[in-house]
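Everything on this sheet refers to the single structure shown next.
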Amino acid sequence: MGDEADRAAVQRVLEGEVDAFAEIVGRWQGPLVNLAHRFCHDPGLAEELAQDAFVRAYRALPRWRGESRFSTWLFAVALNVYRSRLRRVRVAEVPLDALRGMADSRFVDREYERRDRAELVRRSVLSLPEKYRDALVLFYFHDLDVAEAARTLGLPEGTVKAQLHRGRAILRRKLAGFLTGGDEEG
Amino acid sequence: MDALDRLLTEAEPLTPTPRFTASVMAAVRAEAATTQPLPFPWQPALAGLAACLPIAAAACWMAIGSAASGGLSGAPPTFPPGFTWAVTSLAACFALVSTILRRADAGALSGLSA
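Chains R and C supply the protein sequences, listed in that same order. Quick note on numbering: the first sequence equals residues 1 to 186 in my numbering. Quick note on numbering: the second sequence equals residues 1001 to 1114 in my numbering.
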């Protein structure tokens, strides 16, 4: 049903009704901003990246063949925009040594510690090589759906599974002490 | 689901600012206003190419005839008086067509193929 609404809006845009694109923006702004945020962990930059993605999608709309769901195509366009921008703009990555240091420190506020640890682990994904980073970000963004992550990446599911396995293995190895420290009570 | 999965799954959702849609639509409208692709001028281009064909054929015919007569007599080939004009016209036609092709932006070409 959502896809039908998207297709109808796309048709209207292609017929010259530019304002129909606002429907698409309204429907997909949340997911695109959140996906961008997972790549940069900066709310301001995330909106900037998402805006670039929407403009790129608008420009490429005549080339959408309609074979896949509109959202799949939109995420793929956004992913390309985010990747190319992030190659030029270095996002502040978390040095893994800092994470290990945190595992040994004492925090008064346990909830603050838990949220802070989660944020730091998510940021540590950005230190992975690009192919593992993209697979992991999309896998968790799509609620652990390998098939959807594979469609967004334009890769076979088997390839994405292998990249996930490898990426998670690297993270687990690097975050070994950090993941076990303080997680038992949660 | 282990500790790593839990930590990576529980990202707090980020809500776009209220101005976000308006900002995107302003950028989209600007894009729509600036990138109205000019249709590629296929008719003049094809007319130019069609005009090139007889000139090219005439030039080839003269060149082959001249080379053949030169080869039989053993003397170096001599070109008829119109040959230089024909070659120059041909070069000018190709330059014109290639300039038109270069100026046609990618948007116009993709719009034609869509």
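Note that beta-carbon positions come from the ideal geometry of N, C-alpha and C, so glycine has one too.
Proximity winner among the options, relative to residue i (alpha-carbon distances)
i	options	result
C/VAL1087	C/ALA1068, C/ALA1057, C/SER1098	C/ALA1057
C/ALA1033	R/ARG87, R/ALA5, R/TYR58, R/THR72	R/TYR58
R/ARG151	R/ALA118, R/ALA8, R/ARG56, R/ALA76	R/ALA76
C/PRO1013	R/VAL33, R/GLY2, R/ARG133	R/VAL33
R/ALA60	R/SER84, R/VAL10, R/LEU175	R/VAL10
R/GLY2	R/VAL13, R/PHE141, R/GLY26, R/LEU14	R/GLY26
C/ALA1063	C/TRP1085, C/GLN1043, C/ALA1045, C/ALA1050	C/TRP1085
R/PRO129	R/ARG83, R/ILE24, R/LEU144, R/ALA22	R/ARG83
R/TRP64	R/LEU153, R/PHE178, R/ARG7, R/ILE170	R/ARG7
R/GLU15	R/PHE141, R/ILE24, R/PRO62	R/PRO62
C/GLU1031	R/ASP42, R/ASP52, R/HIS37	R/ASP52
R/GLU17	C/SER1023, C/VAL1028, C/THR1009, C/ALA1051	C/VAL1028
C/SER1023	R/PRO43, R/ILE170, R/ALA50, R/GLU148	R/ALA50
R/VAL121	R/LEU86, R/HIS142, R/ILE170, R/ALA149	R/ILE170
R/ASP42	R/HIS142, R/PHE141, R/LEU86	R/LEU86
Straight-line Cα distance separating residue j from residue i
i	j	result
R/GLU48	R/PHE70	21 Å
R/CYS40	R/LEU74	19 Å
R/THR72	R/PRO31	12 Å
R/PHE54	R/GLY158	30 Å
R/LEU79	C/GLY1048	43 Å
C/PRO1081	C/SER1089	14 Å
R/LEU35	R/ALA20	23 Å
C/ALA1011	C/LEU1096	58 Å
R/LEU45	C/ASP1002	30 Å
C/SER1098	C/ALA1045	9 Å
R/GLY167	C/PHE1020	33 Å
R/PHE139	C/ALA1026	32 Å
R/ALA176	R/VAL89	29 Å
C/ALA1068	R/GLY66	59 Å
C/ARG1102	C/PRO1041	12 Å
C/PRO1018	C/ILE1100	45 Å
R/TYR132	R/ALA5	33 Å
C/THR1009	R/HIS165	16 Å
C/TRP1061	C/GLN1043	28 Å
R/LYS174	R/VAL13	48 Å
R/PRO156	R/ILE24	28 Å
C/CYS1093	R/VAL81	41 Å
R/LEU153	R/SER127	19 Å
R/SER68	C/ALA1091	47 Å
R/ASP116	R/PHE178	12 Å
R/ALA149	R/HIS142	7 Å
C/ALA983	C/CYS1052	Given that chain C is displayed from residue 1001 to residue 1114, the structure contains no residue 983 of chain C and the question cannot be resolved.
C/ALA1050	C/PHE1083	19 Å
R/ALA22	R/LEU144	29 Å
R/PHE107	R/ARG123	Note that R/PHE107 has pLDDT 47, beneath the 50 cutoff, so the model's placement of it is unreliable and the number below is only indicative. Each residue's Cα considered, the two are about 20 Å apart.
Whole-angstrom C-beta distance between residue j and residue i, which should lie under 8 Å
i	j	result
C/PRO1054	R/GLN29	Incorrect: roughly 59 Å between the Cβ atoms, too far for contact.
C/LEU1007	R/ARG172	Actually they do not touch by this definition, with Cβ atoms about 11 Å apart.
R/GLN163	R/ALA135	4 Å
R/VAL210	R/VAL146	No statement about residue 210 of chain R is possible, as the shown extent of chain R runs from 1 to 186 and does not include it.
R/VAL137	R/ARG38	5 Å
Contacts of residue i in chain B (Cβ-Cβ under 8 Å)
i	result
R/ARG12	The structure shown has no chain B; the protein chains it does contain are R and C.
message: By the 8 Å beta-carbon criterion, what residues does the region 1021 to 1035 of chain C contribute toward chain R?
response: THR1021, SER1023, VAL1024, MET1025, ALA1027, VAL1028, ARG1029, GLU1031, ALA1032, THR1035
Interface residues of the region 15 to 28 of chain R facing chain C [CB-CB below 7 Å]: The residues in question are VAL18, PHE21, ALA22, VAL25, GLY26.
- prompt: At a Cβ cut of 9 Å, what residues of the region 1006 to 1017 of chain C count as close to chain R, listed as they run along the chain?
  reply: Taken in chain order, the members of the region 1006 to 1017 of chain C whose beta-carbon sits within less than 9 Å of a beta-carbon on chain R are ARG1006, LEU1007, LEU1008, THR1009, GLU1010, ALA1011, GLU1012, PRO1013, LEU1014, THR1015, PRO1016, THR1017.
message: By the 8 Å beta-carbon criterion, what residues does the region 27 to 51 of chain R contribute toward chain C?
response: Under the 8 Å Cβ criterion, the region 27 to 51 of chain R contributes GLN29, GLY30, VAL33, ASN34, HIS37, ARG38, PRO43, ALA46, GLU47, ALA50, GLN51.
message: Counting only Cβ-Cβ distances shorter than 8 Å, please list the residues of the region 51 to 63 of chain R near chain C, keeping chain order.
response: Taking 8 Å as the Cβ-Cβ cut-off, the region 51 to 63 of chain R approaches chain C at GLN51, PHE54, VAL55, TYR58, ARG59, PRO62, ARG63, given in chain order.
message: What are the residues in the region 124 to 140 of chain R lying within 8 Å of chain C by C-beta distance?
response: Listed by position, the residues of the region 124 to 140 of chain R near chain C (Cβ gap below 8 Å) are VAL125, LEU136, TYR140.
Contact residues within the region 164 to 176 of chain R, judged by C-beta distance below 8 Å to chain C: ARG168, LEU171, ARG172, LEU175
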